[in-house]
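**Q** Mind looking over this structure? Questions follow.
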Amino acid sequence: MTHQIRLAQTQFTGSILVVTGGYHTSALQERISKPPLADELYWTDREEKSYDREISLTPYSNSRLNSTNGYTSGIPSPGFYDFVWESFQKQGSFNHRSLVQKILSTLRKKGHRIGSADRIASETTSKALADLRGHKNIWRKDLVDGFRSTIVKDEIARDVRHHLLDCISEVMEGDRIGSLAEGTSLPPIVFDIENTLKKMNLLAKRETIILELNLMNQEQREQSKILHRLYLLEIAGYTFLEGTDMISRKDLEKIREKWNISIKVEFHSSCIEASRYGATLSEAAAGVLNQRIHSETDPELATICLVDAALAGLGKHLTFLLKQFSDIISISGNFLKMCIALKHISYLYKYDEVLILEGKESLEGIFRESYLRCLNLLDRLGATSSEGLKQAKGVQTIVETYQYFSESLKLSLEEIRDVLSRVGTNSELDAFLRGAVCGGQWKLNLADDHSILDQLNSFYDPAELEDFLSGLFLIARETAQRNKLLLTALNIRISELSHSSFLEALPALRMAFTFFTPREKHKIGQNLFEIIQPSLDELSNFEDPETILRAIEFERILFETASRYGIRTT
Numbered sequence: 006m007t008h009q010i011r012l013a014q015t016q017f018t019g020s021i022l023v024v025t026g027g028y029h030t031s032a033l034q035e036r037i038s039k040p041p042l043a044d045e046l047y048w049t050d051r052e053e054k055s056y057d058r059e060i061s062l063t064p065y066s067n068s069r070l071n072s073t074n075g076y077t078s079g080i081p082s083p084g085f086y087d088f089v090w091e092s093f094q095k096q097g098s099f100n101h102r103s104l105v106q107k108i109l110s111t112l113r114k115k116g117h118r119i120g121s122a123d124r125i126a127s128e129t130t131s132k133a134l135a136d137l138r139g140h141k142n143i144w145r146k147d148l149v150d151g152f153r154s155t156i157v158k159d160e161i162a163r164d165v166r167h168h169l170l171d172c173i174s175e176v177m178e179g180d181r182i183g184s185l186a187e188g189t190s191l192p193p194i195v196f197d198i199e200n201t202l203k204k205m206n207l208l209a210k211r212e213t214i215i216l217e218l219n220l221m222n223q224e225q226r227e228q229s230k231i232l233h234r235l236y237l238l239e240i241a242g243y244t245f246l247e248g249t250d251m252i253s254r255k256d257l258e259k260i261r262e263k264w265n266i267s268i269k270v271e272f273h274s275s276c277i278e279a280s281r282y283g284a285t286l287s288e289a290a291a292g293v294l295n296q297r298i299h300s301e302t303d304p305e306l307a308t309i310c311l312v313d314a315a316l317a318g319l320g321k322h323l324t325f326l327l328k329q330f331s332d333i334i335s336i337s338g339n340f341l342k343m344c345i346a347l348k349h350i351s352y353l354y355k356y357d358e359v360l361i362l363e364g365k366e367s368l369e370g371i372f373r374e375s376y377l378r379c380l381n382l383l384d385r386l387g388a389t390s391s392e393g394l395k396q397a398k399g400v401q402t403i404v405e406t407y408q409y410f411s412e413s414l415k416l417s418l419e420e421i422r423d424v425l426s427r428v429g430t431n432s433e434l435d436a437f438l439r440g441a442v443c444g445g446q447w448k449l450n451l452a453d454d455h456s457i458l459d460q461l462n463s464f465y466d467p468a469e470l471e472d473f474l475s476g477l478f479l480i481a482r483e484t485a486q487r488n489k490l491l492l493t494a495l496n497i498r499i500s501e502l503s504h505s506s507f508l509e510a511l512p513a514l515r516m517a518f519t520f521f522t523p524r525e526k527h528k529i530g531q532n533l534f535e536i537i538q539p540s541l542d543e544l545s546n547f548e549d550p551e552t553i554l555r556a557i558e559f560e561r562i563l564f565e566t567a568s569r570y571g572i573r574t575t
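Heads up, this note's numbering is the position in the sequence shown plus 5, with the first residue counted as 1.
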């Protein structure tokens with residue numbers, strides 16, 4: 006900024022007007038009064054680069070001018086200063102009473118009862134505050150504080166809005182919006198957005214529209230694409246309220262969205278500002294995603310850009326996104342985030358039946374790159390704590406990717422076998438992760454039953470054993486429940502635990518078996534009973550009659566209590 010001021014001083018004679026932020030003024034004045042510093046000399050010697058530039062005039066509104074922070078901020082309460090200006094133009098002085106009357110009328114229209122006594126009290130207070138502050142006229146802050154101290158009867162918590170003060174702020178802000186002169190050229194995107202909204206029957210009406218869409222319906226899916234493009238560009242009047250979360254994808258039974266469509270004074274302004282991203286609605290929406298991914302280094306957030314592209318139907322504009330994502334893959338060092346990214350890509354590539362990303366065949370390259378990067382990061386994992394479950398789920402994603410896409414992506418069996426073998430035998434890694442790796446080997450037929458048992462028997466600490474089982478069951482649940490050799494070995498290990506060690510291991514053991522459904526747990530119990538095969542004679546002679554009677558009495562009391570609280574016992 007200082008360099009530009011000095012440059013202007015050499016090009017023009019006389020006074021120079023510098024428009025700058027208030028906090029910059031004193032610093033600029035100080036620097037201008039001294040010789041140039043090193044940073045200014047950098048700008049002096051810097052070669053000017055040529056850029057393609059285009060300027061579009063944008064209508065501005067009082068609501069945006071009222072912003073109090075950021076580079077788009079203006080002045081607080083522009084409506085008040087409009088009123089002051091017009092008052093001076095008409096009367097040569099400022100009369101606050103007309104503004105007070107306007108505030109009171111607005112309050113009454115919104116159902117707030119403000120009597121004459123309140124008006125007199127607020128004006129008297131405002132006049133006293135103006136005198137106290139040395140103001141010639143009752144000014145903005147005097148009016149606001151006068152109303153605040155007289156018409157607000159209840160307590161106002163800090164940083165909490167109050168409906169009466171909101172009404173006053175609304176009048177102080179004003180509702181004016183600038184307009185472009187007749188004949189001013191508009192960017193092509195403005196006409197493209199308007200034509201698209203008419204074609205898709207999405208134009209805002211006088212009354213607010215709450216639009217509910219079912220994405221399984223083809224016509225409504227097309228409307229959703231347009232709305233997501235508008236949402237990416239932050240076009241005023243089109244707000245996403247709620248809908249199925251396509252990032253977590255926890256519930257895809259009913260894929261619905263709800264949108265709020267209303268007339269906003271900022272609509273045309275936001276359309277003009279969107280022209281910096283492209284000449285059409287689809288190009289501009291893709292431009293927003295290109296800008297987002299260009300500054301990303303997080304593979305998880307980068308794949309969310311791909312999901313957003315699918316939601317907005319921007320499959321034709323994937324080239325730059327995929328190139329940037331490929332660059333992100335090569336520098337990513339976070340195993341967990343890379344595995345989440347792999348899961349998003351596998352969904353878009355194969356399982357998505359709703360968004361149906363156009364040109365998803367082009368995802369094949371980064372799909373394979375992501376898989377190989379995940380394998381590489383798994384191979385380099387060090388000792389970690391408290392992330393065992395997350396890492397195990399990452400291994401699950403890798404295993405499922407190989408299991409279902411090895412042929413289409415031409416994935417190497419030797420590569421995944423070597424990595425899982427090295428990680429599985431690394432005793433420094435978390436037991437949960439090693440269990441998941443062992444489960445992956447078992448599921449892909451890369452290890453036999455005896456190798457699994459050797460891994461199981463290598464854990465002597467009961468807590469570590471249960472973490473290992475949790476990881477194993479997470480990935481190889483179906484295989485484990487049918488394998489009697491594993492159940493036998495597990496039964497022996499648990500039977501060898503002392504009473505205190507068993508109680509210590511019980512919570513982790515219970516968590517390990519939460520991966521099984523009730524039907525699967527029942528099947529495991531049946532298999533275990535067949536393995537043990539207890540003698541009925543031994544069972545009948547195991548307890549004395551007194552113990553049996555106490556057990557029967559306990560069951561009677563238990564069933565009565567359960568019945569009292571409506572718990573079914575049969």
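Every residue, glycine too, gets a C-beta built ideally from N, C-alpha and C.
Is there contact between the region 168 to 181 and the region 189 to 208, where contact requires at least three CB pairs shorter than 8 Å?
**A** No contact exists between the region 168 to 181 and the region 189 to 208.
**Q** Give the single residue among Leu533, Glu471, Ala481, Leu508 whose Cα lies nearest to the Cα of Thr493.
**A** Out of Leu533, Glu471, Ala481, Leu508, Leu533 has the C-alpha closest to the C-alpha of Thr493.
**Q** Is there contact between the region 464 to 472 and the region 418 to 427, where contact requires at least three CB pairs shorter than 8 Å?
**A** No: fewer than three Cβ pairs fall under 8 Å.
**Q** Near Glu369, which residues of its chain fall below 8 Å by C-beta distance, leaving aside the five closest residues on each side in sequence?
**A** Excluding sequence neighbours, Glu369 sits near Tyr354, Ser413, Leu414.
**Q** Are Arg261 and Glu217 closer than 8 Å when you measure CB to CB?
**A** Yes, these two residues count as a Cβ contact at 8 Å.
**Q** Does the separation of the CB atoms of Arg145 and Asp87 fall below 8 Å?
**A** For Arg145 and Asp87, no; Cβs fall outside 8 Å.
**Q** Residue range of the alpha helix (DSSP H) that Arg482 falls in?
**A** First-last of the alpha helix (DSSP H) with Arg482: 482 to 487.
**Q** Taking Arg11 as the reference, give the member of Gly26, Gln34, His29, Tyr28 with the closest Cα.
**A** Checked all of Gly26, Gln34, His29, Tyr28; the closest Cα to Arg11 is Gln34.
**Q** Going along the chain, which residues of its own chain have a beta-carbon closer than 8 Å to the beta-carbon of Thr249, five neighbours each way excluded?
**A** Cβ within range, chain order: Leu220, Asp256, Leu257, Lys259, Ile260, Arg261, Glu262.
**Q** Quick one, which of Lys348, Asp313, Pro81, Asp303 has its alpha-carbon nearest Ser337's?
**A** It is Asp303 whose Cα lies nearest to the Cα of Ser337.
**Q** Which residues mark the beginning and the end of the alpha helix (DSSP H) in which Lys230 is found?
**A** Here the alpha helix (DSSP H) through Lys230 covers 223 to 237.
**Q** State yes or no: is the C-beta of Leu479 within less than 8 Å of the C-beta of Ala485?
**A** No.
**Q** Between the region 227 to 244 and the region 320 to 330, are three or more C-beta pairs nearer than 8 Å?
**A** No, the region 227 to 244 is not in contact with the region 320 to 330.
**Q** According to DSSP, which residues form a beta bridge with Thr244?
**A** For Thr244, which the question treats as bridged, DSSP gives the partners Asn265.
**Q** Measure from the alpha carbon of Leu416 to the alpha carbon of each residue in Arg569, Arg378, Ala317, then state which is nearest.
**A** Cα-wise, what sits closest to Leu416 is Arg378.
**Q** Measuring straight from C-alpha to C-alpha, what distance separates Leu434 and Lys395?
**A** One C-alpha to the other measures close to 14 Å.
**Q** Could you tell me if Pro83 is buried or exposed, where buried requires 16 or more neighbouring beta carbons within 10 angstroms of its beta carbon?
**A** Flag for Pro83 reads buried.
**Q** Between which residues of its own chain and Thr402 is the CB-CB distance below 6 Å, once the five residues before and five after are set aside?
**A** The residues are Cys344, Leu347, Lys348.
**Q** Between Ser287 and His322, which are expected to be in contact by the criterion C-beta below 8 Å, what is the C-beta distance as a whole number of angstroms?
**A** Yes, Ser287 and His322 are in contact; Cβ-Cβ is about 7 Å, under 8 Å.
**Q** Roughly how many angstroms separate the alpha carbons of Thr111 and Leu232, rounded to a whole number?
**A** Taking the straight line joining both Cα atoms gives about 34 Å.
**Q** On the criterion of 16 or more Cβ atoms from any shown chain inside 10 Å, does Phe272 qualify as buried, or is it exposed?
**A** Phe272 comes out buried.
**Q** So, is Gln460 buried or exposed, given that buried needs 16 or more other C-beta atoms within 10 angstroms?
**A** Buried, because 16 or more other Cβ atoms sit within 10 Å of the Cβ of Gln460.
**Q** Can you tell which of Glu363, Pro64, Met177, Val404 has its C-alpha closest to the C-alpha of Thr189?
**A** Closest by alpha carbon: Pro64.
**Q** Tell me whether Lys342 is buried or exposed, calling it buried when 16 or more other Cβ atoms sit within 10 Å of its Cβ.
**A** Counting Cβ neighbours within 10 Å, Lys342 comes out buried, since at least 16 surround it.
**Q** Is the distance from the Cβ of Leu207 to the Cβ of Ile266 below 8 Å?
**A** Result yes, Cβ atoms of Leu207 and Ile266 sit closer than 8 Å.
**Q** Assuming Thr285 contacts Pro193 (C-beta within less than 8 Å), just tell me the rounded distance between them.
**A** Right, their Cβ atoms sit about 7 Å apart.
**Q** What are the boundary residues of the alpha helix (DSSP H) that Leu220 is part of?
**A** Segment: none, Leu220 is in no alpha helix (DSSP H) and carries neither H nor E.
**Q** Looking only at its chain, what residues have a beta carbon closer than 6 Å to the beta carbon of Val359, apart from the 5 residues adjacent to it on each side?
**A** For Val359, where only same-chain residues beyond five positions count, the Cβ hits under 6 Å are Leu220, Ile260.
**Q** Just how far apart, CA to CA, sit Ser274 and Gly364?
**A** Cα to Cα, the separation comes out at about 33 Å.
**Q** Give the DSSP-derived three-state secondary structure of Ile214 in the structure shown.
**A** Looking at Ile214 - three-state DSSP - the assignment turns out to be strand.
**Q** Please go through the region 353 to 440 and give each complete alpha helix (DSSP H) segment of 4 or more residues, from N-terminal end onward.
**A** Within the region 353 to 440, the complete alpha helix (DSSP H) runs of at least 4 residues are 369 to 384, 393 to 410, 418 to 429.
**Q** From which residue to which residue does the alpha helix (DSSP H) around Ile562 run?
**A** 550 to 569 is the extent of the alpha helix (DSSP H) around Ile562.
**Q** Within a Cβ cutoff of 7 Å, which residues of the same chain sit near Glu175, ignoring the five residues on either side of it in sequence?
**A** Around Glu175: Thr111.
**Q** Beta-carbon within less than 6 Å of Ile529's beta-carbon, same chain only, minus the 5 sequence neighbours each way: which residues are those?
**A** So the list reads Gln486, once near-sequence residues are dropped.
**Q** Ile182 by DSSP, collapsed to three states: which one?
**A** Three-state result, Ile182: strand.
**Q** What's the C-alpha gap between Asn339 and His455?
**A** Whole-angstrom Cα-Cα distance: 33 Å.
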